[in-house]
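In full-length UniProt numbering, the protein residues as written are 1 to 257.
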């Protein structure tokens, strides 16, 4: 009898949680789209000024990194191991999109993470987990401090997980989230066939609204197979324009002559 009583209650809680997640996702996405539109319009005005000869400093993308710990409380990686990929992101985005990165923090969450946080799904299944199933609740608990999608310059958080389901090593939900996930093995130099500094900046590209391309030399080429077949890091002019006008990028200040 007790099980029968708790069953409907459990179902009710799941339905309530799903509706709450859907409402949160719709609110976030609507605010993010509005912020992207406002940022794009502002960037268009800046471009007119640049054509008139008024220079600006590079825009800034702010980043935060969360390193998870496994069931025994052991960190999946370290700041020292992640740092080369962060430096690579700075180099690529500065050269190809004319923006800088600023790392606000690299934090290790010592609290043991649940299995769904350590070994998440990717792509559509990750979106479903986030919006309806509540399987990303652990992430959101640690993201609340920076959860402000309608503010220009809100940081993107890179979450280092243990293993992503399927054949992918990183995933971004694009405009639907201010965070991306990347696999810890990407940062282990001792593992030649998984170490890849391009994945982190590739996922940042998705967070900045860039889609995949078919050019292997482009940062947004969908696959990268270290050590011999790592994707390129080039961006086309239209891609740079998309990045510069994204809500996450703090516009550069005018250079005083």
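Note that the Cβ used here is the ideal one computed from N, Cα and C, for glycine as well.
Residue i burial status per 10 Å Cβ neighbour count (16 or more: buried)
{"i": "residue 34", "result": "The predicted position of residue 34 is uncertain, since its pLDDT is 49 and thus under 50; a value taken from the coordinates is nonetheless stated next. Label assigned to residue 34: exposed."}
{"i": "residue 136", "result": "buried"}
{"i": "residue 254", "result": "exposed"}
{"i": "residue 169", "result": "buried"}
{"i": "residue 165", "result": "exposed"}
{"i": "residue 59", "result": "buried"}
{"i": "residue 250", "result": "buried"}
{"i": "residue 49", "result": "Only weak support exists for where residue 49 lies, its pLDDT of 45 falling under 50; the value from the coordinates is given anyway. Classification for residue 49: exposed."}
{"i": "residue 244", "result": "buried"}
{"i": "residue 157", "result": "buried"}
{"i": "residue 53", "result": "With a pLDDT of 44 at residue 53, under the threshold of 50, the modelled position of this residue cannot be trusted, and the question is left open."}
{"i": "residue 222", "result": "exposed"}
{"i": "residue 120", "result": "buried"}
{"i": "residue 93", "result": "buried"}
{"i": "residue 72", "result": "exposed"}
Residue i at chain B interface by Cβ criterion, 9 Å
{"i": "residue 203", "result": "No chain B is present in this structure, which holds just one protein chain."}
Residue i versus residue j - alpha carbon distance
{"i": "residue 202", "j": "residue 160", "result": "14 Å"}
{"i": "residue 193", "j": "residue 55", "result": "43 Å"}
{"i": "residue 232", "j": "residue 218", "result": "5 Å"}
{"i": "residue 68", "j": "residue 225", "result": "24 Å"}
{"i": "residue 236", "j": "residue 212", "result": "12 Å"}
{"i": "residue 87", "j": "residue 248", "result": "18 Å"}
{"i": "residue 172", "j": "residue 78", "result": "21 Å"}
{"i": "residue 191", "j": "residue 96", "result": "28 Å"}
{"i": "residue 242", "j": "residue 99", "result": "12 Å"}
{"i": "residue 64", "j": "residue 155", "result": "7 Å"}
{"i": "residue 220", "j": "residue 110", "result": "33 Å"}
{"i": "residue 196", "j": "residue 227", "result": "8 Å"}
{"i": "residue 80", "j": "residue 153", "result": "26 Å"}
{"i": "residue 126", "j": "residue 252", "result": "34 Å"}
{"i": "residue 130", "j": "residue 112", "result": "20 Å"}
{"i": "residue 198", "j": "residue 116", "result": "25 Å"}
{"i": "residue 89", "j": "residue 105", "result": "15 Å"}
{"i": "residue 123", "j": "residue 189", "result": "26 Å"}
{"i": "residue 187", "j": "residue 75", "result": "13 Å"}
{"i": "residue 182", "j": "residue 138", "result": "16 Å"}
{"i": "residue 185", "j": "residue 151", "result": "33 Å"}
{"i": "residue 163", "j": "residue 240", "result": "31 Å"}
Collapsed DSSP secondary structure at residue i in the structure displayed
{"i": "residue 236", "result": "coil"}
{"i": "residue 252", "result": "coil"}
{"i": "residue 87", "result": "helix"}
{"i": "residue 151", "result": "coil"}
{"i": "residue 111", "result": "strand"}
{"i": "residue 229", "result": "strand"}
{"i": "residue 59", "result": "strand"}
{"i": "residue 170", "result": "strand"}
{"i": "residue 123", "result": "helix"}
{"i": "residue 128", "result": "helix"}
{"i": "residue 185", "result": "helix"}
{"i": "residue 157", "result": "strand"}
{"i": "residue 101", "result": "strand"}
{"i": "residue 68", "result": "strand"}
{"i": "residue 218", "result": "strand"}
heavy atom of the ligand ADP below 8 Å from residue i C-beta
{"i": "residue 121", "result": "Within the structure as shown, the ligand ADP is missing, as the structure has no ligands at all."}
From the options, residue whose alpha carbon lies closest to that of residue i
{"i": "residue 62", "options": "103, 141, 76", "result": "103"}
{"i": "residue 200", "options": "82, 73, 70", "result": "82"}
{"i": "residue 142", "options": "75, 85, 66", "result": "66"}
{"i": "residue 70", "options": "101, 91, 108", "result": "108"}
{"i": "residue 230", "options": "216, 72, 238", "result": "216"}
At least three beta-carbon pairs within less than 8 Å, the region 166 to 185 to the region 205 to 214: yes
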